[in-house]
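With my numbering, letter number 26 in the sequence shown gets 10, and the count goes up by one each step, no holes. A short worksheet on the structure shown next.
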Amino acid sequence: VSAYYSSQLFQGKNDPRVLKAKDEIQWIFLNPPWVNAFIINKGPNNVLIGLNQRDNLFVMEPGGTRTVTRTGAEERIHAIFYYCNPHETAILDVTGTY
């Protein structure tokens, strides 16, 4: 139990990632879980993204940005699911803080 709570403590470190979205769902699991995420869709197409759940998605257009914070929330960001529409691709720059 204490290892779980240790992984939840805020350390103030950044974890930058580049994700290459295609037309099939992909995901990454985050350990330690993130408190915040800053996402940039570098395009060229829209991307569907789900945080922690693959069926609760939001759409990001090319050039779009989104900041998600879980400060004070019971659940941190522990998984990112992402994909594009058929025959489309996109690059996501994602930086998390844990």
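Where a beta carbon is used, it is the ideal one built from N, C-alpha and C, also for glycine.
DSSP places D(-1) in the strand class (E or B) of the three-state scheme. Around the beta carbon of N25, 16 or more other beta carbons sit within 10 angstroms, so the residue counts as buried.
Where K26 is concerned, the enclosing beta strand (DSSP E) starts and stops at 20 to 28.
Excluding its 5 nearest sequence neighbours in each direction, G48 has C-beta neighbours in its own chain below 6 Å: N25, listed in chain order. In the three-state reduction of the DSSP assignment, D77 falls in the strand class.
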